[in-house]
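Student: Top line first, the protein sequences correspond to chains A and B. When you line the first sequence up against my numbering, it's residues 63 to 583, in that order. When you line the second sequence up against my numbering, it's residues 13 to 584, in that order. Submitted below is the structure of interest, expressed as structure tokens.
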Amino acid sequence: METSALIDSLHPLEIKVLMAFGSRPAGTVLETEPLAVAAELEPSQLSMAIEWLLAKSLLIVHTETVAPIVSLTKVGEQYVSGASPIERVFSAAREVASTGKRLTIPDLQAQDGLDPSDVSKAVGRLKKEGVLLIVQGGCIESTGRPSPTVEAIRILLQQVSEASRELKSFPEAHRQVIEDYAVKRGNAKEPFRVDDRVTRSFTLSPAGVEAAAYLAQEGVAEEVSQLTPELLKDGSWRNKRFRKYTISLRAPRIGTGKKHPYREFLDTVKTKLVSMGFQEMRGSLVETEFWNMDALFMPQFHPARDVHDVYFVKNPTHAAKIAEPFLSRVMQAHQDGGKTGSTGWKYAFNAERAKRLVLRSQGTAVSARTLAAAPAVPGKYFSIARCFRYDQVDATHATDFFQVEGIVLGEDIHFRTLLGLLNLFAREVAQAKEVKFLPAYFPFTEPSVEMHVRHPRLGWMELGGAGLFRAEVTLPLGVTVPVIAWGLGLDRMAMVALGIHDIRELFTDNLDLIRTTRGIF
Amino acid sequence: MPTISIFKDDLESLLALGSLAKQPVSIQQLEDWLMLVKGELKGHNQETGELRIELQDSNRPDLWCCEGIARQIRIKQQGKLKPYPFFSKKVKKGQSLIVAPGLEQVRPYVAACTAKGYRVTEEGLAQLIQTQEKLADIFGHKRKTVSIGIYQLSKIQFPVTYELVKPDQAKFTPLGMETVMTLAEILMVHPKGLEHGHILAGQSRLPILRDAKNQPLSFPPIINSREVGEVHVGDDELFVEVTGTDQLMVVLTLNIFAANLSDRGATIEPVEVQYPKATPLGKRVVTPQDLENSKTVQLKTIEQALGQELGVKVVKQALEVYGYEVSAGKGTVKAKLPPYRQDLMHAMDIVEDVAISRGYSEFAPVMPAQFTVGGLSRSEQTSDRARELMVGLGFQEIISNIMGSPESYRDQMRLADTEWGRMVEVDNAMTLTFSCLRQWMLPSLLRVEAASNRAFYPHRLFEAGDVAIPDATHELGSRTETILGVVIAHAAAHFSEIHSCLDVLFYYLGKDYSLEPVQHPSFLEGRAGRIVVAGKSIGVIGEVHPEVLERWQITVPVVSFDVNLSQLAALA
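Set out below in structure tokens:
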């Protein structure tokens, strides 16, 4: 790397360390502490900078020494402000000597804050030094002689509490006391700790020398990480260096505002339909059997009206009434055809049953309502309606789902314009060029058609069903022109567009999945 | 609608009746032909030759069998239906079925015939049983309206009687059992009795068919006698009967069986049914019987509906090759259904058959020429606008099921026994998980929140969609309205954060609003408000109550608002 490029890649902390060496004679060796002072860095900053520079081979370790260092433990710190157990035993013995009271080991062990084992250890040591005597009855007596151990501990606690020191800096006698009173395995309750401390000294590598020389010669603009309004205001950005980023790193994730992928799909369909001249219809989630089925000429004994196919509302169970003249006319159409030119289904229509409230099971219910509400002629309508089916929920069956349905009314509506309209759907909604029309059956249309298209990616698939509404549907609702009823089955297309295989995932609760699905249609 | 299983070889044999020679049929050819019967090939086992075919038309039970499918295709090949002779045949003396009084209240109608000269093959027997099951189950509403029995004719002596007996008065060994049982025992023990016994619930006397020797044939619609009513491969004389509650359906079903057995080579002999009183078809009814279903239609009607000039000749020919008997007048055609069909209600039914017979591909699609203006409903426009604004505010849209559980929509929201907890519930829920409609939006969003604690924060979610709000004054007992629900969830989510979003939303929706403190159990007291526009409360905003979060097992604070967009749009 060119030296200038190398310098550009350096962190300000690294530059401080290099310059600390650069201002000293070549070959200078510095230990950590003097280096921290020279570079004006906190120990934590310095250690980061040293590690980085070592990794870049600009700095090398000159020597590495290991020395025992003496420091205080928590227990030791307590002794500094109070007194060590041995000192307390020593003082207690002196005190009874002047008052003439009796003092036994158990007496000492009962004193506040004195551990029995500490007392035993202290008495033993003092006895050995000839400071104490154990006389008849287990009483302790002072001999009046001073204790070197007590003296040494008092001095050492004071010295070490000021700063940790190397063990070898203490006189031999004190070293012995430290070793006797340092924490060891099995005895954590001692005032002193002796640890090995690694001390390293550093010097510049040849590359480091070069970099330091470059820095000394060229100087370095102050590096900043962020352009600020202040830098812009006073123009001082000109004297700054902007730290370079590693731009190949992954960007941090952020949340975004976005439509649901399935909604994007449905919105595309919605936009297509509006652009083809369709007006949107809305309906109710709860419907009467009348609008959901009777008005669509589905006989009341039709298998799809079974309790196992439709959800019935618990309360209220029935609508108060069904609007006339629709109820009478539809009833007539079912029974004997009425004025529709039909023979009807020839059964006794149950007007009470017509009022039974159900969850809308087909989008066609919305079309039936529109037919009864004086629709425009010519007119085109669509709805994207949530419908409910009594099905075991699994990968292909959802309890509620969207149906895209609608109607087209007009004087020029007949079988061939029905096929023409389906062709248009095939082209516009599924981008399919090839279409197949198959005879189909729906209770409310005659003739009925099923449309299969060759989807650019999916191959042949059923896109929807359609037909001309039966006169038994249109005439009772007051519509005298022919009407196309159509429905598109878009779930499979949607699932492929969204890359999912389970219909339940269309309404998933998995936020990660929703956020990451692109939903290109 | 039924999916049936047939065999390709059997189909090819049935296609080869009359002057036609038996030929192998390609799958491609078959799929084209299936358009004539609204059938879809669902599966094909090349080894066994089994074909699984779904038949769509619930009004054409004659097509739910191999014989019917073959017949419809065959007529097209032959150009015309060869009339079945037995519809005009005299009844053999004594070949009668006597109906006793009292059955009007139980299961009034019966039809029957005999079939001789067709030796039942294994395949033929399987088809016979399948047709019997599909017709009784789907066309006959699980045997309620129509059920069918087939017997060994050789064991039966005419006249047969159809009468009522007390449940313990008659006994026989039913199919599938080893011992003699009374009708009462059959209802209590036999699997078919348990399955279909409800059809006869409340009857003190039960229907039974017996022959001249007083030998029980069956206990309709439950089970046949094992002695007489079990058909075996090799039998060549059969007795077929149909009982039910709708006379036309009963006769039609028998007509279908007669035609099917005739196609397989049997000679059909009619039976005279003697009722104690007059029925819609008379007091003495010979079955099978052509019900003479016909209609005269203007050529103009057909041509207008199909959008194409065809002429009388073309229409006549199209209907004839589809099985109709047609007489053409000047600008009219009189079309009579074949006796195995009864689905002619309206002129349009004939129109569709013309189209199917000619083939849908014979009709060139044309575009409707009339101009219409497209557009969205007011409600959709409002929710589109709201969605756009929420996306701009950095929110992710959610779409949820509308159907859910009272637990999540009400109980976990601390709304039990409150006005906010009222919902539209269903009577026949399959599981509690899906047993009511949501009445507001927040639970739908908490559902996502509860499942997404591993998705990086903050979570800013919204859903705009329909809810059902119970309303006794509404004709349907509830109103369907569009609600916008919004939540923010992260470690420091706060009322003012969601309040700012609400503020921006209403500014751009062009509505002034105010917040009024509300005690809503789903929110922390003192940190919730009604959203009031033009004096009307149209929503709620607040910090979600920690107990609600606990019940959902959500471990970050959530703030939220719900706005009724339908009501908002309706306000000036």
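Glycine is no exception: its CB is placed at the ideal position from the N, C-alpha and C atoms. Note that the structure is predicted; figures quoted are calculated from it, not measured.
#1: Can you tell me the Cβ-Cβ gap for Ala88 of chain A and Val271 of chain A, rounded? I've got them flagged as a contact below 8 Å.
#2: Does the CB of His506 of chain B have a neighbour CB from chain A at under 7 Å?
#3: Opposite Pro501 of chain A in the DSSP bridges: which residues?
#4: Do you know offhand how far Glu409 of chain B's Cα is from Glu400 of chain B's?
#5: Whole angstroms is fine: what's the gap from Asn440 of chain B's alpha carbon to Ser417 of chain B's?
#6: Counting only Cβ pairs nearer than 7 Å, list the residues of chain B close to Thr461 of chain A.
#7: Is any beta-carbon of chain B found at less than 7 Å from that of Thr127 of chain A?
#8: Could you tell me if Tyr307 of chain A is buried or exposed, where buried requires 16 or more neighbouring beta carbons within 10 angstroms of its beta carbon?
#9: Please list the terminal residues of the continuous beta strand (DSSP E) segment that includes Trp522 of chain A.
#10: Among B:Asp478, B:Phe474, B:Glu461, B:Ala428, which residue has its Cα nearest to the Cα of Ile446 of chain A?
#11: Any chance the segment 145–156 of chain B sits against the segment 290–302 of chain B, with 3 or more Cβ pairs inside 8 Å?
#12: Do the segment 244–252 of chain B and the segment 102–110 of chain B meet, that is, are 3 or more Cβ pairs less than 8 Å apart?
#13: On the premise that Leu331 of chain B lies in contact with Ala317 of chain B, defined as a C-beta separation below 8 Å, what is that separation, rounded to the nearest angstrom?
#14: Using 7 Å as the threshold, is the C-beta distance between Glu242 of chain B and Thr126 of chain B below it?
#15: Which two residues bound the contiguous beta strand (DSSP E) that contains Gly256 of chain B?
#16: Exposed or buried, Tyr503 of chain A, counting other C-beta atoms within 10 Å across all chains shown (16 or more means buried)?
#17: I need the boundaries of the alpha helix (DSSP H) containing Lys136 of chain A, first residue and last residue.
#18: Any C-beta of chain B sitting closer than 7 Å to the C-beta of Tyr443 of chain A?
#19: Provide the residue span of the beta strand (DSSP E) that contains Leu481 of chain A, from first to last.
#20: Report the option in A:Lys495, A:Ala269, A:Arg532 whose CA atom is closest to the CA atom of Thr507 of chain A.
#21: Quick one: which residues of the segment 393–416 of chain A get their C-beta closer than 9 Å to a C-beta of chain B? List them in chain order.
#22: Less than 7 Å between CB atoms is the rule here; does Lys50 of chain B satisfy it with respect to chain A?
#23: Could you list which residues in chain B have their beta carbon closer than 9 Å to that of Phe264 of chain A, in chain order?
#24: Starting from Ala396 of chain A, trace the alpha helix (DSSP H) both ways and give me its first and last residue.
#25: For Val79 of chain A, which residues of its own chain have a beta-carbon under 8 Å away from its beta-carbon, when the five flanking residues on both sides are left out?
#26: Give me the residue from B:Ser230, B:Gln164, B:Leu147 with the minimum Cα distance to Arg131 of chain B.
#27: Could you tell me whether any Cβ in chain B is nearer than 7 Å to the Cβ of Asp456 of chain A?
#28: In chain order, which alpha helix (DSSP H) runs of at least 4 residues are fully inside the segment 287–352 of chain A?
#29: Could you tell me whether any Cβ in chain B is nearer than 7 Å to the Cβ of Arg489 of chain A?
#30: Using a C-beta cutoff of 7 Å, does Asp574 of chain A count as contacting chain B?
#31: Please classify Tyr409 of chain A as buried or exposed, where buried requires at least 16 neighbouring CB atoms within 10 angstroms.
#32: Look up Asn272 of chain B in the DSSP assignment and say whether it is helix, strand or coil.
#33: Beta carbons nearer than 7 Å to chain B: which residues of the segment 463–479 of chain A have them?
#34: Excluding the 5 residues preceding and the 5 following Ala480 of chain B in the sequence, name in chain order all residues of the same chain whose CB lies nearer than 6 Å to its CB.
#35: Is it true that the segment 562–577 of chain A meets the segment 456–469 of chain B, where meeting means three or more beta-carbon pairs spaced less than 8 Å apart?
#36: At which residues does the beta strand (DSSP E) containing Val298 of chain B begin and terminate?
Tutor: Quick look at the numbers:
#1: 7 Å
#2: no
#3: A:Val511
#4: 10 Å
#5: 13 Å
#6: Asn413, Met415, Phe446
#7: no
#8: exposed
#9: 521–531
#10: B:Asp478
#11: no
#12: no
#13: In fact, because the Cβ distance is near 14 Å, the residues do not count as touching under 8 Å.
#14: no
#15: 249–256
#16: buried
#17: 136–143
#18: no
#19: It is not in any beta strand (DSSP E) - Leu481 of chain A instead sits in the alpha helix (DSSP H) that spans 477–492.
#20: A:Arg532
#21: Gly399, Thr402, Gly403, Ser404, Thr405, Gly406, Trp407, Lys408, Tyr409
#22: yes
#23: Chain B residues near Phe264 of chain A: none, gap ~42 Å exceeds 9 Å.
#24: Position check: residue 396 of chain A holds His in this sequence, whereas Ala was assumed. Unbroken alpha helix (DSSP H) run through His396 of chain A: 388–397.
#25: Leu97, Ala101, Leu103, Leu108, Ala111, Ile112, Leu115, Leu121
#26: B:Gln164
#27: no
#28: 291–295, 323–337
#29: no
#30: yes
#31: exposed
#32: helix
#33: Val470, Gly472, Asp474, Ile475, His476, Phe477, Arg478, Thr479
#34: Val436, Leu449, Ser490, Thr492
#35: yes
#36: 294–299
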